[in-house]
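Per my numbering, the very first residue in the sequence shown carries number 1342; after that it's consecutive.
Glycine included, each C-beta is placed from N, C-alpha and C at the ideal position.
Just so you know, these numbers come straight off a predicted model, no measurement behind them.
Notes follow the structure.
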Amino acid sequence: MKKPDLLFLMCDQFRFDCIHALGNAGIDTPNLDRLAARGLTFTNAYSTCPVCVPARYTARTGREPFHTGCYENEIPKALDGQPEGMRERCGPYLAEAMRERGYETFGIGKFHTMPQFDEDLGYDLQMNTEELWSTKEERGKDAFARFLAERHPEYSHLEQLHGERTNMYYMPQLSPLPAELTVESFVAGEAVKQIEKDREKPYFGFVSFVGPHPPCAPPIPYNRYYNPDHMPLPYETDSSIDHMDEQIPWMNHLIWAEGMNDFLIRNLKSRYYGEITYIDNCIGRILDAVEAKGNDANTLICFFSDHGDHLGDHHAWQKESYFEASCHVPFLLSWPERWQKGVSDQLVCLTDLFGIATAAAGAEELRDGHPVLRVLAGEGTKRDDLFACYGRPGTPRFKCMVRSGSWKYIWIANGGREQLFDLSEHRREDQLANEEQPDVLQRLRRTAEERCRCEGLQQALSEEHFRTFPYKERPRVRIHQFDESSGVTDFML
1342 MKKPDLLFLM
1352 CDQFRFDCIH
1362 ALGNAGIDTP
1372 NLDRLAARGL
1382 TFTNAYSTCP
1392 VCVPARYTAR
1402 TGREPFHTGC
1412 YENEIPKALD
1422 GQPEGMRERC
1432 GPYLAEAMRE
1442 RGYETFGIGK
1452 FHTMPQFDED
1462 LGYDLQMNTE
1472 ELWSTKEERG
1482 KDAFARFLAE
1492 RHPEYSHLEQ
1502 LHGERTNMYY
1512 MPQLSPLPAE
1522 LTVESFVAGE
1532 AVKQIEKDRE
1542 KPYFGFVSFV
1552 GPHPPCAPPI
1562 PYNRYYNPDH
1572 MPLPYETDSS
1582 IDHMDEQIPW
1592 MNHLIWAEGM
1602 NDFLIRNLKS
1612 RYYGEITYID
1622 NCIGRILDAV
1632 EAKGNDANTL
1642 ICFFSDHGDH
1652 LGDHHAWQKE
1662 SYFEASCHVP
1672 FLLSWPERWQ
1682 KGVSDQLVCL
1692 TDLFGIATAA
1702 AGAEELRDGH
1712 PVLRVLAGEG
1722 TKRDDLFACY
1732 GRPGTPRFKC
1742 MVRSGSWKYI
1752 WIANGGREQL
1762 FDLSEHRRED
1772 QLANEEQPDV
1782 LQRLRRTAEE
1792 RCRCEGLQQA
1802 LSEEHFRTFP
1812 YKERPRVRIH
1822 QFDESSGVTD
1832 FML
């Protein structure tokens, strides 16, 4: 059989519940609906470390944080005597593995590598389009920023090309650029060029959109696509549950969002939805190119996100928790020559992307992942449970999650707190089951502790059990994200 073309489409901070075809009647996503109709929807897909940098290293290595050494938005660093180099710890990156399997590769969009802004990820063509730049040189290397500077200098006065951050992080905004000149449009256009190319080899493309990550600043007319009065309010429970994880109130203050009211929330959500519908339109251009190429039946497409966004659910903003709004992600996988439209409830995660791509290329390499394609073919069994972790082991920042059946267990080292939720109804974490289900709680705690008995995680344990730290709140600070590439780092007064 001829090897398929492969296309990975990634968004940043795209919630699992923001696709019309998957049950959200209040959002318009005709092209993601079209993609869902083309193949399989995974209803239990997770980002095992739900924040930008570690999620991306997981996607490109097929390894979990205990191998990548990246447990939060940080410079990756090995633990427990592991090799210092990322490739030495994890193996070749996905693009390199696909090249070894006979593919021509391209990567376009946000890659969020650290510490090097433009780390070589092994693509034959790599075009970085990032959110922020630390220096003028970095901004000059950014493919999108360079495109605007060279082709549309009338926008060179803009300090932040994707909208204002800092105190405007969670304020509804309008894109400073027209719809045809945003980073999303640029990325889609460059992806289309690569898909349209005549080549002897099959291609592997990784296309990574910056949005709908805040600031929520869709271009005209998507800024007025949704009436704020029609937007649903967040799902909240008792603050003793919602803020059991100290990260949440700390983060709310960090990004200037602890004082949100219903009026602001509805306005913000209308812009977040507008950004999604705009990105959906850009994805439509890519799908059109795939179909026009004539090999669409033998093209495997996977759409996913690095993590979600609380958007006020659980009195929380941003991500970095194990509530569903943060860690549960959309995951659409299609290959018409192999599968018809369907729904899969198997537990999958971003770690599985490496195995999916290499298996489709004819030489499966799982690393820390699960054989998803073999399970779909009836040649393997589904995961019994899924383990996830965030924060450097041996510190109060560490926490982890186990999904098993309808149960979700969360351990938080800061205060030695734990949560057990039953997700069998509406996937809502509204009632702790700790006291009602002591056997389940103990079983999943043991499972989590057992998973930590490995290199890269063993510092999370004190002898046989989790290391606990006295509960402590960090000093509240504000994020200041201005245009460092122009030397702007703070308010003027």
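query, result
"Ignore the nearest five residues each way along the sequence and tell me which others in TYR1544's own chain have a CB closer than 6 angstroms to its CB.", "ASP1346 and GLU1445"
"Compare the C-alpha of GLU1429 against each of PHE1527, GLU1577, THR1402 and GLN1467 and name the closest.", "THR1402"
"Just to confirm, is the Cβ distance from VAL1684 to THR1370 under 8 angstroms?", "no"
"With 16 other CB atoms within 10 Å as the buried threshold, where does SER1667 fall?", "buried"
"Given that a residue counts as buried once 16 or more other Cβ atoms are within 10 Å of its Cβ, and exposed if not, what is MET1833?", "exposed"
"Consult DSSP for ALA1698 and reduce its assignment to one of helix, strand or coil.", "helix"
"Can you give the beta carbon distance from VAL1551 to ILE1449, rounded, assuming they're within the 8 angstroms contact cut?", "Their Cβ separation, rounded to whole angstroms, is 11 angstroms, which puts VAL1551 and ILE1449 out of contact at 8 angstroms."
"Determine the contact status of GLY1797 and PHE1407, defining contact as a CB-CB distance below 8 angstroms.", "yes"
"With a cut-off of 8 angstroms, do at least 3 Cβ pairs link the region 1693 to 1707 to the region 1741 to 1750?", "no"
"Counting only runs of 3+ residues fully inside the region 1732 to 1804, write out the beta strand (DSSP E) ranges in chain order.", "1740 to 1745, 1748 to 1753 and 1758 to 1763"
"Determine the DSSP secondary structure at PHE1547, reduced to helix, strand or coil.", "strand"
"In this structure, what does DSSP give as the bridge partners for ASP1353?", "PRO1553"
"Would a C-beta distance cut-off of 8 angstroms place LYS1682 and ASN1755 closer than the cut-off?", "no"
"When the Cα atoms are used, what is the spatial distance from ARG1440 to LEU1462?", "12 angstroms"
"Quick one: is LYS1451 buried, meaning 16 or more other Cβ sit within 10 Å of its Cβ, or exposed?", "buried"
"Which of the three DSSP states, helix, strand or coil, is assigned to TYR1412?", "coil"
"Taking PHE1823 as the reference, give the member of SER1475, THR1618 and ASP1459 with the closest Cα.", "SER1475"
"Report all residues from its chain with a CB closer than 6 angstroms to the CB of HIS1554; omit the five preceding and five following residues, and keep chain order.", "ASP1353 and GLN1354"
"Identify, in the order they occur along the chain, each residue of the same chain with its Cβ nearer than 7 angstroms to the Cβ of CYS1393, setting aside the five sequence neighbours on each side.", "ASP1353, ASN1414, HIS1453 and ASP1647"
"I'd like the span of the alpha helix (DSSP H) that includes CYS1390, first residue to last.", "Careful: CYS1390 lies outside any alpha helix (DSSP H) and carries neither H nor E."
"Helix, strand or coil, according to DSSP, for ALA1386 in the structure here?", "strand"
"Mapping the DSSP letters down to three states, classify THR1454 as helix, strand or coil.", "coil"
"Taking just the CA atoms, how far does GLY1546 sit from TRP1748?", "36 angstroms"
"For ASP1726, which beta-bridge partners are listed by DSSP?", "SER1745"
"Assign VAL1829 to buried or exposed, taking buried as 16 or more other Cβ atoms, counted over all protein chains shown, within 10 Å of its Cβ.", "exposed"
"Could you check how far apart the C-beta atoms of ILE1596 and GLN1659 are, in whole angstroms? I think they sit under 8 angstroms.", "6 angstroms"
"With a 10 Å radius around its C-beta and 16 neighbouring C-beta atoms as the bar for buried, classify LYS1610 as buried or exposed.", "buried"
"For TYR1614 and ILE1368, I'd like the C-alpha separation in whole angstroms.", "7 angstroms"
"What are the boundary residues of the alpha helix (DSSP H) that includes ILE1589?", "1588 to 1595"
"Out of GLU1632, GLY1721, LEU1502 and ILE1642, which one is the CA nearest neighbour of LEU1473?", "LEU1502"
"Using 8 angstroms as the Cβ pair cut-off and three pairs as the minimum, do the region 1561 to 1577 and the region 1513 to 1522 touch?", "yes"
"Hey, out of PRO1737, THR1722 and ARG1794, whose CA is closest to ASP1586's CA?", "PRO1737"
"Can you round the beta-carbon distance between ALA1520 and PRO1494 to whole angstroms, since I take them to be within the 8 angstroms contact cut?", "Rounded, the Cβ-Cβ distance is 19 angstroms, inconsistent with contact."
"State buried or exposed for ILE1416, treating a residue as buried only when at least 16 other CB atoms are found within 10 Å of its CB.", "exposed"
"In angstroms, rounded to a whole number, what distance separates the CA positions of TYR1511 and ALA1558?", "10 angstroms"
"For ARG1540 and LYS1634, what's the separation of their Cα atoms in angstroms?", "12 angstroms"
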